Amino acid sequence: MVFLARYRGRLGDEGSTQLVMLMACVCTVALTVMLIPLAQANDMRTRTQTGADAAAIGAVVPMRDEAIRVAMHGFLPTDVGLWAVAPDIKEPAAKLPYHRSAEEYARRNGTVVTEKVKPSGPMGHTMKVSVRSGDCMIKDEKELTAKDRQDLAENKNVCTDSSGKKGIAKRWGVATAIAELQLPKCERTPSGPGNDGLPDTDLYCDKVRIWTSDGGVLVSRTFLLRMFKIRLVSKEGGEYKGRPVIFGGDGFSKQLPDASMCSEGGPQGAENITPRMRCVRDLIKEKFKVPKGIGCWRANGGITGGGEHPLGRACDFMISGPAGPSKEEADLGFAISNWAHANANNLGIYYIIYRQHIYNPQRHSEGWRPMEDRGSITQNHFDHVHISVL
Numbered sequence: 177m178v179f180l181a182r183y184r185g186r187l188g189d190e191g192s193t194q195l196v197m198l199m200a201c202v203c204t205v206a207l208t209v210m211l212i213p214l215a216q217a218n219d220m221r222t223r224t225q226t227g228a229d230a231a232a233i234g235a236v237v238p239m240r241d242e243a244i245r246v247a248m249h250g251f252l253p254t255d256v257g258l259w260a261v262a263p264d265i266k267e268p269a270a271k272l273p274y275h276r277s278a279e280e281y282a283r284r285n286g287t288v289v290t291e292k293v294k295p296s297g298p299m300g301h302t303m304k305v306s307v308r309s310g311d312c313m314i315k316d317e318k319e320l321t322a323k324d325r326q327d328l329a330e331n332k333n334v335c336t337d338s339s340g341k342k343g344i345a346k347r348w349g350v351a352t353a354i355a356e357l358q359l360p361k362c363e364r365t366p367s368g369p370g371n372d373g374l375p376d377t378d379l380y381c382d383k384v385r386i387w388t389s390d391g392g393v394l395v396s397r398t399f400l401l402r403m404f405k406i407r408l409v410s411k412e413g414g415e416y417k418g419r420p421v422i423f424g425g426d427g428f429s430k431q432l433p434d435a436s437m438c439s440e441g442g443p444q445g446a447e448n449i450t451p452r453m454r455c456v457r458d459l460i461k462e463k464f465k466v467p468k469g470i471g472c473w474r475a476n477g478g479i480t481g482g483g484e485h486p487l488g489r490a491c492d493f494m495i496s497g498p499a500g501p502s503k504e505e506a507d508l509g510f511a512i513s514n515w516a517h518a519n520a521n522n523l524g525i526y527y528i529i530y531r532q533h534i535y536n537p538q539r540h541s542e543g544w545r546p547m548e549d550r551g552s553i554t555q556n557h558f559d560h561v562h563i564s565v566l
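Going by our numbering, the residue at position 182 of the sequence shown is 358; the numbering climbs one at a time, nothing skipped.
Right, here's the structure in full:
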């Protein structure tokens with residue numbers, strides 16, 4: 177106070193004003209120095225969260241695209257689960273379509289996925305993604321350790337800040353986001369008798385007719401993109417357990433013999449199927465009833481080379497009519513295919529096909545593998561389970 181009084185005494189009111197202005201400038205500079213890093217940190221957090229949001233949306237895109245593809249072929253998109261694009265989520269991240277998609281969306285937004293993308297929900301329609309920023313905040317000169325200086329000299333463990341300057345990372349931006357697939361309400365509706373004697377059906381989604389059995393798809397993919405939505409959400413879904421296992425789908429019935437007792441041999445009897453195929457067929461018929469019928473031997477197997485039907489080593493277990501299965505009928509198909517899968521070695525199964533997926537015991541580690549689109553409900557095995565035996 178003495179100093180200020182003397183200063184004011186020498187310079188008068190003008191000197192006092194200059195001193196106040198000088199102190200204000202010093203405070204402003206100091207405040208600016210403190211606020212710049214804070215602003216940079218806030219900007220990094222914002223950009224990183226944007227990247228996380230984009231990556232979460234990207235993780236859901238493969239499922240969204242598969243659901244649209246299914247709808248454009250007249251199938252119920254609500255049946256599409258994560259298993260349709262990733263049969264085994266325990267595979268390395270680089271092999272999972274949804275993880276690769278998340279990485280691409282993160283990269284486009286200047287971020288990097290740091291953990292394996294986590295699916296959730298009974299259908300796997302929800303994805304959680306964690307990312308870090310592509311750039312970093314670098315250490316000041318006074319913050320560098322001896323190791324940091326050595327790394328800088330050798331250009332090791334360096335990162336780049338938002339201005340393009342390289343240095344040792346002080347911190348990265350980190351963020352997490354969750355996105356989910358939100359499907360429209362879809363249903364198949366009979367539309368009258370068809371020219372081939374089978375009933376025509378229409379597929380409606382949110383009361384919009386998008387497909388007919390006699391005219392195919394009626395709307396564009398762009399139109400469907402507005403109906404098949406991906407939304408950011410605040411919570412994960414329940415545990416994702418993979419392809420559904422319907423009650424009664426695992427294990428042998430106590431009333432039935434062990435199928436490993438089914439003998440081998442060539443086609444025989446009026447049905448022209450092998451003893452093993454007959455045994456497996458009878459086990460499934462007894463356990464699941466199969467109300468829509470079972471078809472086994474036929475001269476033309478329907479595929480190149482004929483397949484196993486002409487050899488008496490294959491049966492089709494029909495679960496629905498040509499219009500496609502209801503939820504209850506689809507569940508029956510899951511029950512049959514899961515039971516056969518669980519007992520494949522004892523049953524002597526060669527392969528199983530259901531809902532455009534195939535399982536070979538000889539390739540057990542690959543799980544249920546997606547198949548090419550063959551163009552119809554029957555050819556894609558939506559209305560029946562195909563089982564071939566050795």
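Positions of the beta carbon are idealized from the N, C-alpha and C atoms, including for glycine.
All values reported here derive from a predicted model rather than from experimental measurement.
query: Residue of 335, 346 and 308 minimising C-alpha distance to residue 316; result: 346
query: N-terminal and C-terminal residue of the beta strand (DSSP E) that residue 493 is part of; result: 490–494
query: Endpoints, alpha helix (DSSP H) assigned at residue 515; result: 503–518
query: Of the residues 275, 558 and 302, the one placed nearest residue 291, counting alpha carbons only; result: 275
query: Among 492, 322, 270 and 254, nearest to residue 530 - alpha-carbon criterion; result: 492
query: Chain-order list of residues whose beta-carbon lies under 7 Å from that of residue 499 (same chain, five-residue window excluded); result: 364, 366, 375 and 377
query: Segments assigned beta strand (DSSP E), at least 3 residues, entirely inside the region 237–310; result: 287–289 and 294–296
query: Exposure label - residue 222; buried when at least 16 CB within 10 Å; result: exposed
query: For residue 378, the residue or residues it bridges with in DSSP; result: 365 and 388
query: Limits of the unbroken beta strand (DSSP E) element including residue 358; result: 342–358
query: Contacting residues, own chain, Cβ-Cβ under 6 Å from residue 562 (five flanking each side not counted); result: 492 and 529
query: Beta-bridge partners of residue 564, as assigned by DSSP; result: 490 and 527
query: CB-CB length for residue 308 against residue 350, believed under 8 Å; result: 5 Å
query: Bridge partner(s) assigned by DSSP for residue 471; result: 492
query: Rounded separation between residue 388 and residue 359 - CA only; result: 19 Å
query: Identity of the residue in 496, 406, 231 and 225 nearest residue 468 by Cα; result: 496
query: Nonlocal neighbours in the same chain, by C-beta distance under 6 Å from residue 489, ignoring five residues either side; result: 450, 453, 564 and 565
query: Rounded separation between residue 547 and residue 325 - CA only; result: 55 Å
query: Inter-stretch contact at 8 Å, needing at least 3 Cβ pairs: the region 257–275 / the region 409–418; result: yes
query: Coarse secondary structure for residue 466, derived from DSSP in three states; result: coil
query: Range covered by the beta strand (DSSP E) that runs through residue 405; result: 405–409
query: Reference residue 458, options 310, 501, 408 and 512, closest by Cα; result: 512
query: Cβ separation of residue 329 and residue 282, assumed to be a contact under 8 Å, to the nearest whole Å; result: At roughly 31 Å, the Cβ-Cβ gap does not stay under 8 Å, so residue 329 and residue 282 are not in contact.
query: Residue 355 and residue 303 closer than 8 Å at C-beta; result: yes
query: Residue 553 - DSSP class collapsed to helix/strand/coil; result: coil
query: Which of helix, strand or coil DSSP assigns to residue 548; result: coil
query: For residue 336, three-class secondary structure by DSSP; result: strand
query: Coarse secondary structure for residue 393, derived from DSSP in three states; result: strand
query: Neighbour-count burial assignment, residue 224, 16 or more Cβ in a 10 Å radius; result: buried
query: Cβ-Cβ separation, residue 255 to residue 543 (assumed contact under 8 Å), whole Å; result: About 18 Å; that fails the 8 Å criterion.
query: Cβ pair residue 344, residue 320 closer than 8 Å; result: yes
query: Pair within 8 Å by beta-carbon distance, residue 386 and residue 243; result: no
query: Own chain residues within Cβ distance below 6 Å of residue 553, not counting five before or after; result: 500 and 559
query: Whole-Å CB distance - residue 414 paired with residue 296, under 8 Å assumed; result: 7 Å
query: Bridge partner(s) assigned by DSSP for residue 535; result: 528
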